[in-house]
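Peer 1:
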Amino acid sequence: MHDTTTELETLKERIRALLAARRRVPLPAGPVPAAVLLPLFAQGGEYHILFTKRTERLNHHRGEISFPGGVFHPDDADLRDTALRETWEEVGIRSADVEILGELDDFHSVYGYLVTPFVGVFPEGYPLTVNRDEIERIITVPLSQLLDPGIFRVEEWSWKGRGHPVYFYTCGDDEVWGLTAAILKQFLDEVFPGGAGSFRPR
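Next comes the structure, spelled out in C-alpha cells:
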C-alpha cells in the first residue's frame, strides 16, 4: 500500500527540481507582458490541473479554456505577482496559498501578448470563488488523463504565411487548445517525458 501523501510530496519536489534545472527560454520584450499560473492541486490521491472557461463577454479569448492569468499591471512587483494576482481575481486563490514551483518558457500569443507561465500548487479542498464577469466555469482534469495519448492531437495551421503546429487535448466535452495547450504540453513533456508510467505508483 502506497503512502499517497509522500508520493504527492515527492512528485511536487521533482517538478520543482526539474523546472529549476532546465534552461528556460525567454523571448525578447516587445509584445504586451502577461503571465499565467498553471495550478496544480491534489484530489483523490493524485494531482489535477485547474483550467478556467472564459465567458463570452470578454474582448479576447472569449469562450476559451485558459489558465488563470492576464496582463502585467504597473502595480505588480513582477510577472509572478501578475500571475498570482490574476488567479486571486479570477478564482479566489490567495497568493499566500500558492506555492510556486518554477517557470516555463515564454510564449507569444496571437493577440500580441508575451506570456510567462508559472507552475504552482494550492491546497487540496480549497474553497474557490469564481469571478462570473470573466469566468463561466472551472474545469479540473487529473494529470493521468492529460498524459493519455488518446486525448492529444496536433494540427498544422497557417498564420502570417507560415505553418504552425496547434495542440489539442480533448477532455470529455471540453477541448484545451492553442496557447494553453502549448504551455500544458511543455509542462507535461518536461516533467513526465515517459508519459503516465513515469509518475504512477508501482
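Residue 959 in my numbering sits at position 29 of the sequence shown; the count goes up by one each step and never skips.
Built from N, CA and C at the ideal position, the CB exists for glycine as well.
What does DSSP give as the partner residue(s) for residue 996 in the beta ladder?
Peer 2: For this step, residue 996 is matched to residue 66 along the sequence shown. Paired residues: 982.
Peer 1: Which residue marks the beginning of the alpha helix (DSSP H) containing residue 939, and which one marks its end?
Peer 2: On the sequence shown, position 9 is the one that residue 939 refers to. Looking at the DSSP string, the run of the alpha helix (DSSP H) that includes residue 939 is 934 to 951.
Peer 1: With DSSP collapsed to three states, give me the class of residue 1113.
Peer 2: Taking the first residue of the sequence shown as position 1, residue 1113 is located at position 183. Reduced to three states, the DSSP call for residue 1113 is helix.
Peer 1: Can you give the beta carbon distance from residue 1098 to residue 1111, rounded, assuming they're within the 8 Å contact cut?
Peer 2: Position 168 of the sequence shown, counted from the first residue, corresponds to residue 1098. Position 181 of the sequence shown, counted from the first residue, corresponds to residue 1111. Taking a contact as a CB-CB distance under 8 Å, the pair residue 1098 and residue 1111 counts as one, their CB atoms being some 6 Å apart.
Peer 1: Verify whether the separation of the beta carbon atoms of residue 1073 and residue 1003 is less than 8 Å.
Peer 2: On the sequence shown, residue 1073 is found 143 positions in, with the first residue counted as 1. On the sequence shown, residue 1003 is found 73 positions in, with the first residue counted as 1. No; because the gap between Cβ atoms is not below 8 Å, this pair is not in contact.
Peer 1: In its own chain, which residues sit with a C-beta less than 6 Å from the C-beta of residue 1128, not counting the 5 before and 5 after it?
Peer 2: Here residue 1128 refers to the residue found at position 198 of the sequence shown. Only weak support exists for where residue 1128 lies, its pLDDT of 46 falling under 50; the coordinates are left without a value.
Peer 1: Just list the alpha helix (DSSP H) runs in the stretch 995 to 1053, keeping only unbroken ones of 4 residues or longer that don't cross its boundaries, in chain order.
Peer 2: As far as the stretch 995 to 1053 is concerned, its whole alpha helix (DSSP H) runs of at least 4 residues are 1009 to 1021.
Peer 1: I'd like to confirm the pairing. Which residues does DSSP put opposite residue 965 in its beta bridges?
Peer 2: Locating residue 965 in the sequence shown gives position 35, where the first residue counts as 1. Paired residues: 1000, 1046.
Peer 1: Can you name the residues that DSSP bridges to residue 972?
Peer 2: Indexing the sequence shown from 1 puts residue 972 at position 42. Answer is 977, bridged to residue 972.
Peer 1: Under 8 Å between the Cβ atoms of residue 1045 and residue 968?
Peer 2: Here residue 1045 refers to the residue found at position 115 when the sequence shown is read from its first residue. Here residue 968 refers to the residue found at position 38 when the sequence shown is read from its first residue. Between residue 1045 and residue 968, the C-beta spacing is not below 8 Å.
Peer 1: Should residue 945 and residue 1021 be called a contact, given that it needs their Cβ atoms to be closer than 8 Å?
Peer 2: Translated into positions along the sequence shown, residue 945 becomes position 15. Translated into positions along the sequence shown, residue 1021 becomes position 91. In this structure, residue 1021 does not lie closer than 8 Å to residue 945 by Cβ.
Peer 1: State the DSSP-derived secondary structure class of residue 1123, mapped to helix, strand or coil.
Peer 2: As a first step, residue 1123 is located in the sequence shown; it is residue number 193 there, counting from the start. Looking at residue 1123 - three-state DSSP - the assignment turns out to be coil, as it is neither helix nor strand.
Peer 1: Give a yes or no on whether the C-beta atoms belonging to residue 1001 and residue 1041 are separated by under 8 Å.
Peer 2: For this step, residue 1001 is matched to residue 71 along the sequence shown. For this step, residue 1041 is matched to residue 111 along the sequence shown. No, the pair does not count as a contact, with Cβ atoms beyond the cut-off.
Peer 1: Bridge partners of residue 1093, per DSSP?
Peer 2: Counting from 1 along the sequence shown, the entry for residue 1093 is found at position 163. Partner(s): 1088.
Peer 1: Whose C-beta lies closer than 8 Å to the C-beta of residue 931 among residues of the same chain, with five residues either side of it excluded?
Peer 2: Position 1 of the sequence shown, counting from 1, holds the residue named residue 931. Confidence in residue 931 is poor, its pLDDT being 39 and thus under 50, which makes the residue's placement unreliable; the coordinate value appears in the next sentence. Once the five neighbours on either side are set aside, residue 931 has no close Cβ partner at all.
Peer 1: Within the continuous beta strand (DSSP E) that includes residue 1072, where are the two ends?
Peer 2: Residue 1072 sits at position 142 when you count from the first residue of the sequence shown. Residue 1072 -> beta strand (DSSP E) spans 1065 to 1072.
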